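2 protein chains.
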Amino acid sequence: MQAEIITIGDEILIGQIVDTNSAFIGKILNSIGVSVYQITSIQDDEAHILKALTEAENNADIVIITGGLGPTKDDITKHTISKYFNDTLVRDLSVTKNIERLWRDYVKQPMQQVNLDQALIPSKAEVLMNTVGSAPGMWLEKNEKVFISMPGVPHEMKLLMEYEVLPKIKAKYKRPFILHKTLLTYGIGESMLASRIEEWEDNLPEFIKLAYLPNLGKVRLRLSAKGFDEKIVKTEMEKQIQIVLPLIKDVFVGFENDGDLEVLIGKQLVNLNKTLSVAESCTGGKLAETFTANAGASSYFKGGLVTYATETKIDVLGVSQAIIKEHSVVSAEVAEAMAKNCRALYKSDYAIATTGNAGPTKGDADAEVGTVYIAIASKENVFSQEFSLGTNRIRVINKAINKALELFQKEIFKN
Amino acid sequence: MQAEIITIGDEILIGQIVDTNSAFIGKILNSIGVSVYQITSIQDDEAHILKALTEAENNADIVIITGGLGPTKDDITKHTISKYFNDTLVRDLSVTKNIERLWRDYVKQPMQQVNLDQALIPSKAEVLMNTVGSAPGMWLEKNEKVFISMPGVPHEMKLLMEYEVLPKIKAKYKRPFILHKTLLTYGIGESMLASRIEEWEDNLPEFIKLAYLPNLGKVRLRLSAKGFDEKIVKTEMEKQIQIVLPLIKDVFVGFENDGDLEVLIGKQLVNLNKTLSVAESCTGGKLAETFTANAGASSYFKGGLVTYATETKIDVLGVSQAIIKEHSVVSAEVAEAMAKNCRALYKSDYAIATTGNAGPTKGDADAEVGTVYIAIASKENVFSQEFSLGTNRIRVINKAINKALELFQKEIFKN
Numbered sequence: 001m002q003a004e005i006i007t008i009g010d011e012i013l014i015g016q017i018v019d020t021n022s023a024f025i026g027k028i029l030n031s032i033g034v035s036v037y038q039i040t041s042i043q044d045d046e047a048h049i050l051k052a053l054t055e056a057e058n059n060a061d062i063v064i065i066t067g068g069l070g071p072t073k074d075d076i077t078k079h080t081i082s083k084y085f086n087d088t089l090v091r092d093l094s095v096t097k098n099i100e101r102l103w104r105d106y107v108k109q110p111m112q113q114v115n116l117d118q119a120l121i122p123s124k125a126e127v128l129m130n131t132v133g134s135a136p137g138m139w140l141e142k143n144e145k146v147f148i149s150m151p152g153v154p155h156e157m158k159l160l161m162e163y164e165v166l167p168k169i170k171a172k173y174k175r176p177f178i179l180h181k182t183l184l185t186y187g188i189g190e191s192m193l194a195s196r197i198e199e200w201e202d203n204l205p206e207f208i209k210l211a212y213l214p215n216l217g218k219v220r221l222r223l224s225a226k227g228f229d230e231k232i233v234k235t236e237m238e239k240q241i242q243i244v245l246p247l248i249k250d251v252f253v254g255f256e257n258d259g260d261l262e263v264l265i266g267k268q269l270v271n272l273n274k275t276l277s278v279a280e281s282c283t284g285g286k287l288a289e290t291f292t293a294n295a296g297a298s299s300y301f302k303g304g305l306v307t308y309a310t311e312t313k314i315d316v317l318g319v320s321q322a323i324i325k326e327h328s329v330v331s332a333e334v335a336e337a338m339a340k341n342c343r344a345l346y347k348s349d350y351a352i353a354t355t356g357n358a359g360p361t362k363g364d365a366d367a368e369v370g371t372v373y374i375a376i377a378s379k380e381n382v383f384s385q386e387f388s389l390g391t392n393r394i395r396v397i398n399k400a401i402n403k404a405l406e407l408f409q410k411e412i413f414k415n
Numbered sequence: 001m002q003a004e005i006i007t008i009g010d011e012i013l014i015g016q017i018v019d020t021n022s023a024f025i026g027k028i029l030n031s032i033g034v035s036v037y038q039i040t041s042i043q044d045d046e047a048h049i050l051k052a053l054t055e056a057e058n059n060a061d062i063v064i065i066t067g068g069l070g071p072t073k074d075d076i077t078k079h080t081i082s083k084y085f086n087d088t089l090v091r092d093l094s095v096t097k098n099i100e101r102l103w104r105d106y107v108k109q110p111m112q113q114v115n116l117d118q119a120l121i122p123s124k125a126e127v128l129m130n131t132v133g134s135a136p137g138m139w140l141e142k143n144e145k146v147f148i149s150m151p152g153v154p155h156e157m158k159l160l161m162e163y164e165v166l167p168k169i170k171a172k173y174k175r176p177f178i179l180h181k182t183l184l185t186y187g188i189g190e191s192m193l194a195s196r197i198e199e200w201e202d203n204l205p206e207f208i209k210l211a212y213l214p215n216l217g218k219v220r221l222r223l224s225a226k227g228f229d230e231k232i233v234k235t236e237m238e239k240q241i242q243i244v245l246p247l248i249k250d251v252f253v254g255f256e257n258d259g260d261l262e263v264l265i266g267k268q269l270v271n272l273n274k275t276l277s278v279a280e281s282c283t284g285g286k287l288a289e290t291f292t293a294n295a296g297a298s299s300y301f302k303g304g305l306v307t308y309a310t311e312t313k314i315d316v317l318g319v320s321q322a323i324i325k326e327h328s329v330v331s332a333e334v335a336e337a338m339a340k341n342c343r344a345l346y347k348s349d350y351a352i353a354t355t356g357n358a359g360p361t362k363g364d365a366d367a368e369v370g371t372v373y374i375a376i377a378s379k380e381n382v383f384s385q386e387f388s389l390g391t392n393r394i395r396v397i398n399k400a401i402n403k404a405l406e407l408f409q410k411e412i413f414k415n
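The listed protein sequences derive, respectively, from chains A and B. Take the first sequence: its position 337, counted from the start at 1, is 337 in my numbering, and no numbers get skipped. Take the second sequence: its position 299, counted from the start at 1, is 299 in my numbering, and no numbers get skipped.
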């Protein structure tokens with residue numbers, strides 16, 4: 001059972017937007033045992049769309065198309081799909097009603113003819129009702145192949161995928177069981193890790209594949225197993241994990257299925273009944289955001305401070321001017337004072353602080369671009385570590401976040 | 001002059017990572033007049049790679065391949081490219097030296113044979129030196145077509161693209177001039193906007209294309225012009241913009257080439273010689289991060305507070321308990337108090353505050369999920385606005401950021 005995803009839109013090809021839809025679709029199809037053979041991003045152009053549809057029909061059982069169903073003139077997808085199926089467009093009453101409802105209850109702006117014309121769909125298409133937008137999804141079949149077309153607006157596509165497309169695919173096809181397990185490791189390079197687990201890797205059964213995914217100081221090991229017997233797949237996966245875990249014990253931090261490091265930290269803080277606050281300089285709010293992006297953060301995260309300008313470290317966070325003068329604003333001493341004072345201010349059990357220079361210029365600091373200090377304060381203790389994180393601003397910030405999470409994770413899991 | 005981008009990696013197809021490389025490559029190629037015909041994401045599989053290379057060779061003049069050049073066993077790209085060119089792998093001395101240097105100066109872990117073997121490249125390939133990673137880029141030619149292969153690690157690919165690939169493409173091909181201008185609009189729907197500018201759109205010259213890119217309350221209008229005479233392209237683009245601007249005056253906020261809204265805001269604050277701080281509840285640090293992600297934020301951004309837990313709004317930000325009790329923590333009154341107190345604490349000219357319920361549950365607040373208040377405080381004034389932003393946590397946060405930027409932009413551009 002294979003699918004191909006086609007995303008339509010010049011904005012993808014010129015790099016104006018990043019295609020996140022395909023990743024969402026790939027993930028959710030995988031979860032129900034449908035493999036994605038290929039993702040193809042193409043132009044808003046009739047000839048190109050027709051060519052891609054023909055090729056996808058040869059490659060895959062299911063063709064999923066997103067993009068190009070909006071009301072405006074740059075959208076030719078619907079007409080081209082109709083042409084591909086030798087079909088004509090007809091007005092669908094249920095879609096018309098849905099559009100009228102949306103305009104009455106939400107849009108509250110005058111309706112245009114182009115909006116109403118979104119109810120025109122190929123006569124052979126089954127409507128997949130889009131309850132949050134005016135462009136409907138469509139399901140078409142041809143020579144045992146299924147074609148699904150959805151608007152490119154991410155949240156509309158996601159709802160259609162979950163509530164319309166998946167149930168229909170599940171009902172139509174018998175699918176294998178697919179299981180992914182991703183092991184997060186920190187602090188060891190890809191090739192070192194590979195040589196450690198080489199023997200284990202060579203002896204993996206045929207139906208389990210291993211991939212290395214390195215990223216900013218962490219390497220994820222992804223195991224993918226596939227088979228029609230769910231029990232065998234699960235048992236063998238578990239067995240292989242039990243073999244590999246002792247080999248990577250010192251660098252293993254958790255499974256990605258459990259969530260990213262910030263989620264593991266959140267769970268541990270809830271287990272320990274402890275709270276956290278953060279004081280950020282160079283990470284500029286991103287550390288707080290990393291925690292608060294996850295639902296449930298309010299059970300352990302009290303809040304944070306972004307003391308970006310040097311004087312705010314003094315005025316708001318109460319770091320002493322003398323410490324800054326003596327050690328510089330990018331220093332272990334300032335990071336530790338920030339963590340300590342933040343913890344006191346927020347009355348939290350722990351505080352994490354960052355101070356550094358993300359670049360591109362030296363700014364208030366005299367430290368080299370890429371130098372970052374991360375401090376952790378607890379009731380008993382405050383300590384810090386210095387990092388040298390390169391010269392690219394965004395990468396310095398992201399690596400500092402990863403380092404802060406890694407350091408804090410070690411602290412709260414140490415017992 | 002057309003290019004095709006091929007990204008290799010199962011992690012893309014199963015949705016484990018989002019392919020951001022293609023967007024980067026598309027954008028940078030476009031900037032030098034090379035159009036991207038198609039982006040194709042494929043499996044780590046010999047047959048699939050060979051098929052994609054054959055098709056890309058038919059579609060495009062330049063084929064750019066990323067991914068699959070790491071040291072570990074899941075990487076078969078290099079061998080497959082060699083096979084496609086009927087070639088054999090040979091050890092390259094300059095790459096060997098580069099790897100030895102990286103290990104000596106940066107990695108500082110024992111070198112493995114797999115690392116040294118990254119210096120094996122097809123004999124027909126020209127090396128594109130990767131100074132920050134062990135996998136080299138490669139440049140191969142076949143029947144007047146160019147094939148470029150780069151590692152998938154984003155920052156390695158980016159450096160190779162900028163310093164090795166672009167100069168070689170520029171030297172080899174005569175390219176048309178491509179110009180994009182993107183107009184940001186806020187507060188009007190795609191179809192309303194389309195009907196307003198319909199006549200103008202219908203009269204655009206053949207070589208200027210228009211696209212509508214709607215996203216969370218903003219619609220971007222992208223004009224793309226292409227031609228060999230740079231002067232004509234620029235003049236006509238300017239002329240068309242001068243015609244459309246008066247039609248969208250009330251909803252136009254700036255050009256994307258000038259940067260996103262936060263960048264425009266930053267520039268205006270620097271012009272006005274004013275500073276900003278932020279107090280965040282439901283946006284959890286993301287508003288601060290939105291500003292600090294941009295270099296130069298330190299010239300206007302003083303910092304911010306994340307007062308996530310209710311008691312921190314009282315303890316850290318000094319919002320009165322009585323106000324919270326009377327109006328609830330998600331209210332105009334609390335948002336305004338947060339903004340006012342934040343401004344005072346950070347001694348900034350302006351402050352923006354957010355309080356709301358991003359969901360999925362009601363948390364500390366009794367407000368409906370999706371209700372968000374945004375307040376702006378200046379020396380003269382403090383005001384707020386209520387928004388109802390749906391029920392999806394991440395979308396509520398992102399929309400609140402957009403609304404806050406929009407509101408603040410209106411405030412600082414009003415004179």
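Just so you know, even glycine gets a beta-carbon here, dropped at the ideal spot from N, CA and C. The structure presented is a predicted model; accordingly, all values stated were derived computationally and were not measured.
Closest Cα partner of Leu-160/A within the set Lys-145/A, Met-138/A, Leu-179/A:
Met-138/A
Helix or strand or just coil, what does DSSP make of Thr-235/A?
In the three-state reduction of the DSSP assignment, Thr-235/A falls in the helix class, which pools H, G and I.
Anticipated Cβ contact below 8 Å, Lys-313/B with Tyr-346/B, distance rounded:
With a Cβ gap of about 15 Å, Lys-313/B and Tyr-346/B do not count as contacting.
Please return the same chain residues whose Cβ sits closer than 7 Å to the Cβ of Trp-416/B, not counting the five positions on each side in sequence.
Outside the displayed range of chain B (1 to 415) lies residue 416/B, so it cannot be described from this structure.
9 Å Cβ cut-off: residues of chain B touching Gln-38/A
Neighbours of Gln-38/A in chain B, taken as residues at a C-beta separation under 9 Å, are given in chain order as Leu-13, Thr-40, Ser-41, Ile-42, Gln-43, His-48, Ala-52.
Helix, strand or coil: how does DSSP classify Met-427/A here?
Chain A is shown from 1 up to 415; residue 427/A falls before or after that span and cannot be answered.
For Phe-207/A, name the three-state secondary structure that DSSP assigns.
In the structure shown, Phe-207/A adopts coil according to DSSP, grouped into three states.
Please say whether Phe-255/B and Leu-183/B have beta carbons closer to each other than 9 Å?
yes
Specify the secondary structure class of Asn-58/B as computed by DSSP and reduced to three states.
helix
With burial defined as no fewer than 16 other Cβ atoms inside 10 Å of the residue's Cβ, what is the status of Ile-394/B: buried or exposed?
Label assigned to Ile-394/B: exposed.
Taking only runs of the beta strand (DSSP E) that begin and end inside the segment 259 to 325 of chain A, which ones reach a length of at least 3 residues, in chain order?
276 to 280, 301 to 307
Would the segment 210 to 224 of chain B and the segment 267 to 279 of chain B be scored as touching if the rule is three or more Cβ pairs under 8 Å?
Too few Cβ pairs lie closer than 8 Å, so no.
Check whether the Cβ of Tyr-308/B lies closer than 9 Å to any Cβ atom in chain A.
yes
Using CA coordinates, which residue listed in Ala-375/B, Ile-6/B, Asp-44/B, Leu-389/B is at the minimum distance from Leu-407/B?
Ala-375/B
Return the first residue and the last residue of the beta strand (DSSP E) that Tyr-373/A is part of.
371 to 377
Determine the closest residue to Asn-203/B out of Lys-239/B, Val-219/B, Glu-162/B, with distance taken between C-alpha atoms.
Lys-239/B
Under DSSP, the beta strand (DSSP E) around Val-90/B begins and ends at which residues?
89 to 91
Can you name the residues that DSSP bridges to Glu-141/B?
Val-146/B
According to a CB-to-CB cut-off of less than 8 Å, which residues of the segment 306 to 331 of chain B neighbour chain A?
Val-306, Thr-307, Tyr-308, Ala-309, Glu-311, Thr-312, Asp-315, Val-316
By the three-class DSSP mapping on this structure, what secondary structure does Pro-167/B have?
Three-state result, Pro-167/B: helix.
With 9 Å as the threshold, decide whether the Cβ of Ile-248/B is near any Cβ in chain A.
no
To test your reading of the DSSP string, which unbroken alpha helix (DSSP H) runs of 4 or more residues are found completely within the segment 6 to 67 of chain A?
Secondary structure in the segment 6 to 67 of chain A: the alpha helix (DSSP H) runs of 4 residues or longer, each lying completely within the stretch, are 10 to 13, 21 to 31, 46 to 59 in chain order.
Roughly how many whole angstroms lie between the Cα atoms of Ser-388/B and Ala-297/B?
29 Å
Check whether the segment 347 to 356 of chain A and the segment 277 to 293 of chain B are in contact - that is, three or more C-beta pairs closer than 8 Å.
no
Per-residue DSSP class, three states only, for Thr-131/B:
coil
Taking only beta carbons into account, state which residues of the segment 385 to 412 of chain B come closer than 9 Å to chain A, listed in chain order.
Gly-390, Asn-392, Arg-393, Ile-394, Arg-395, Ile-397
Can you give me the start and stop residues for the beta strand (DSSP E) that Gln-385/B sits inside?
382 to 388
Checking 9 Å against the spacing of the C-beta atoms, do Ser-41/A and Asp-19/A come in under that value?
yes
Residues near Val-90/A in its chain [Cβ-Cβ closer than 6 Å; skip 5 each side]
Ser-123
Give every residue of the same chain whose Cβ lies closer than 6 Å to the Cβ of Arg-343/A, excluding the five residues on either side of it in the sequence, and list them in chain order.
Ala-351, Ala-377
Ile-394/A bridges to which residues according to DSSP?
Answer is none; Ile-394/A lacks a bridge partner.
Just the chain B side, please: which residues come within less than 8 Å of Met-192/A by C-beta, in chain order?
Gln-109, Pro-110, Gln-112
Residues near Lys-379/A by beta carbon distance below 7 Å, same chain, minus five either side:
Taking Lys-379/A as the centre and dropping the five residues before and after it, the same chain places the C-beta of Asp-349 closer than 7 Å to its C-beta, in chain order.
In chain A, which residues lie with their C-beta within 7 Å of the C-beta of Arg-343/B?
Those do not exist, as Arg-343/B stays about 12 Å from chain A at its closest Cβ, beyond 7 Å.
Once you ignore the five residues that flank Glu-126/B on each side, which residues in its own chain have a CB closer than 6 Å to its CB?
Trp-139
Contact check, Asn-223/A vs Thr-185/A under 8 Å by CB: the rounded distance?
The sequence given here has Leu at residue 223/A, not Asn. With a Cβ gap of about 13 Å, Leu-223/A and Thr-185/A do not count as contacting.
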